[in-house]
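Notes to accompany the following structure.
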Amino acid sequence: MIMKRFYFSLLILITSVSAVFAQKDAKAQAILDKTAAAYQKAEGIAITFGGTQKGTLLLKGSCFYLDCAGVKSWFDGKTQWSYVQQNEEVTISNPTAEEIQSVNPYALITSYKTLFNYRYKGAQTRNGRKGQEIVLTPRQKGDIQSITFTVSADYEPIYIGVKLSNGKTQEFNITSYQTHRNLSSSIFRFDAKKYPNAEIIDMR
């Protein structure tokens, strides 16, 4: 469950970190505002990342597909499917409003002011790419202690570092960020025909 929440937290960071303002840091807010605007104009997005874990993330509106560390997750705006390859299990659920807030960047827009404090850290080079770095701190204690977010001059994510409450840090280096991708709605739904041996656990 903690790992599942962690992947959702990663999704939030990549897609809507610019909607988590709480403290009045003008420099950070300006960067995050522009990152949010760039994301909204990007339409379909395909992301690959490396670091602590390697994976792929596809985004379109409120929908997403995430493939990381042996776990695949689909969300079509209403229903969520999570497939664990090791166990060959698929869990199906209809997320509540609170759960949607954890995976849907648009839901965060109405409640972002209560989530994080933030501050501008300065210019930083990550994997040979220059960017502006911001540190976000959750206002409520949980699995995440702090988040370091580096954005390029084009207001696209370069690096995300998540420091967990247990002292460990998960690092995600964005290796590819492609916008305006033509992503069909079927990409964000689980296709049972492709996983004939999977056990279906329907939590709806």
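So for the sequence shown, our numbering puts the first residue at 7; every next one is plus one. Think of the CB as a built atom: it goes at the ideal place given N, C-alpha and C, for glycine as much as any other residue.
Around the C-beta of Ile-115, are 16 or more other C-beta atoms found within 10 angstroms, so that it is buried, or is it exposed? Along the sequence shown, one-based indexing puts residue 115 at 109. Note that Ile-115 scores a pLDDT of 36, beneath 50, so its modelled location is shaky; the value from the coordinates is reported in the next line. It counts as exposed.
Is the segment 166-177 close to the segment 46-62, with three or more CB pairs under 8 Å? A contact exists between the segment 166-177 and the segment 46-62.
For the candidate residues Leu-65, Asn-172 and Ile-140, whose alpha-carbon lies nearest to that of Tyr-165? Position 159 of the sequence shown, counted from the start, is the residue given in the question as residue 165. Of the listed residues, the one whose Cα sits closest to Tyr-165 is Ile-140.
Expressed to the nearest angstrom, what Euclidean distance is found between the alpha-carbon atoms of Ala-32 and Gly-167? Looking up residue 32 in the sequence shown gives position 26. Looking up residue 167 in the sequence shown gives position 161. The straight-line gap from Cα to Cα measures roughly 22 Å.
Thr-143 and Asn-123 look like a contact to me (Cβ under 8 Å); what is the Cβ gap, rounded to whole Å? Position 137 of the sequence shown, counted from the first residue, corresponds to residue 143. Position 117 of the sequence shown, counted from the first residue, corresponds to residue 123. Taking C-beta atoms under 8 Å as the contact rule, Thr-143 and Asn-123 qualify, at a distance of about 5 Å.
Going straight from the alpha carbon of Lys-127 to that of Gln-138, what length do you get? Counting from one through the sequence shown, the residue named residue 127 turns up at place 121. Counting from one through the sequence shown, the residue named residue 138 turns up at place 132. One C-alpha to the other measures close to 8 Å.
Compute the beta-carbon to beta-carbon distance between Gln-184 and Ile-51, rounded to the nearest angstrom, for a pair I have assumed lies under 8 Å. Start at 1 with the first residue of the sequence shown, and residue 184 comes out as number 178. Start at 1 with the first residue of the sequence shown, and residue 51 comes out as number 45. Contact flag correct, Cβ pair sits at about 7 Å.
Run the CB neighbour count on Pro-163, radius 10 Å, all protein chains shown included, and call it buried at 16 or more, exposed below. Along the sequence shown, one-based indexing puts residue 163 at 157. Classification of Pro-163: buried, given that the 10 Å Cβ count is 16 or more.
Own chain, CB closer than 6 Å to Ser-182, minus 5 neighbours either side, in chain order: For this step, residue 182 is matched to residue 176 along the sequence shown. Within the same chain, Ser-182 has close Cβ partners Thr-54.
What did DSSP end up calling Ile-115 once you bin it into helix, strand or coil? Residue mapping note: residue 115 aligns to position 109 of the sequence shown, counting from 1. Note that Ile-115 scores a pLDDT of 36, beneath 50, so its modelled location is shaky and nothing firm can be said.
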